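Right, dumping it as structure tokens:
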């Protein structure tokens with residue numbers, strides 16, 4: 017999704033290599049993987065889905081949110097898109113980390129809130145930094161990362177405080193984050209296929 021993920025021309029290398037220009041846009045894949053996995057986890061965090069069934073997200077977190085999104089990040093490197101490469105590779109690693117923590121965590125029950133809270137704090141800081149960059153790329157990405165930051169904040173405080181209410185709020189914000197990311201993913205596919213702007217992304 018070049019018009020969503022690529023910074024303004026003034027910050028890019030003058031001419032992309034011919035190899036890079038022939039690579040399909042990996043943006044919709046990365047955004048789609050992020051959206052779907054976030055949607056599933058947020059359904060459980062919000063309380064809309066029972067915690068007892070949360071194990072179903074592990075495979076999605078590993079293969080789609082994790083591996084597929086990591087691949088999207090690698091192809092963004094090949095496209096010469098530093099922002100997309102950093103964002104997708106990092107959030108692919110986020111979901112791989114989530115899968116590992118959920119499937120293999122050895123945290124004692126008493127220490128789990130502090131451990132999960134620290135994990136979410138670190139990702140909140142990263143999301144804030146990416147939001148600053150998004151302000152120079154597109155209005156859609158800026159909105160996506162702004163909502164993501166607030167989502168992480170509620171989930172982080174909810175984890176530290178062991179507060180189901182704050183976690184539920186974070187879950188609903190996560191659902192909103194997922195739908196914005198799905199919009200961005202679909203806009204990338206539709207606009208790229210139509211060869212014109214059908215769904216606006218408000219580039220800066």
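In the numbering used here, the protein residues as written are 17 to 220. Glycine included, every Cβ here is placed at the ideal spot set by N, Cα and C. Values in this document were obtained by computation on a predicted structure and should not be read as measured data.
Simplified DSSP state of residue i, which is helix, strand or coil
i           : result
residue 180 : helix
residue 196 : helix
residue 128 : helix
residue 185 : helix
residue 204 : helix
residue 13  : What the structure shows of the chain is the stretch from 17 to 220, and residue 13 is not part of that stretch, so it cannot be assessed.
residue 211 : coil
residue 160 : helix
residue 123 : coil
residue 40  : coil
residue 27  : Confidence in residue 27 is poor, its pLDDT being 48 and thus under 50, which makes the residue's placement too unreliable to answer from.
Residue range of the unbroken alpha helix (DSSP H) whose run includes residue i
i           : result
residue 58  : 43 to 61
residue 282 : Residue 282 lies beyond the stretch modelled for the chain, which goes from 17 to 220, so this question has no answer here.
residue 76  : 73 to 76
residue 65  : First-last for residue 65: undefined, no H or E at that position.
Identified DSSP bridge partners for residue i
i           : result
residue 154 : 219
8 angstroms contact criterion, which residue i and residue j should meet: CB distance rounded
i           : j           : result
residue 217 : residue 20  : 5 angstroms
residue 36  : residue 201 : The pair is not a contact, with the Cβ atoms about 21 angstroms apart (cut-off 8 angstroms).
residue 184 : residue 97  : With 8 angstroms as the limit, residue 184 and residue 97 do not qualify as a contact, their Cβ atoms being about 36 angstroms apart.
residue 49  : residue 80  : 5 angstroms
residue 165 : residue 144 : 6 angstroms
residue 197 : residue 47  : 5 angstroms
residue 53  : residue 88  : Actually they do not touch by this definition, with Cβ atoms about 13 angstroms apart.
residue 146 : residue 103 : 6 angstroms
residue 101 : residue 92  : 4 angstroms
residue 140 : residue 163 : Contact flag wrong, Cβ pair sits at about 13 angstroms.
residue 190 : residue 167 : 5 angstroms
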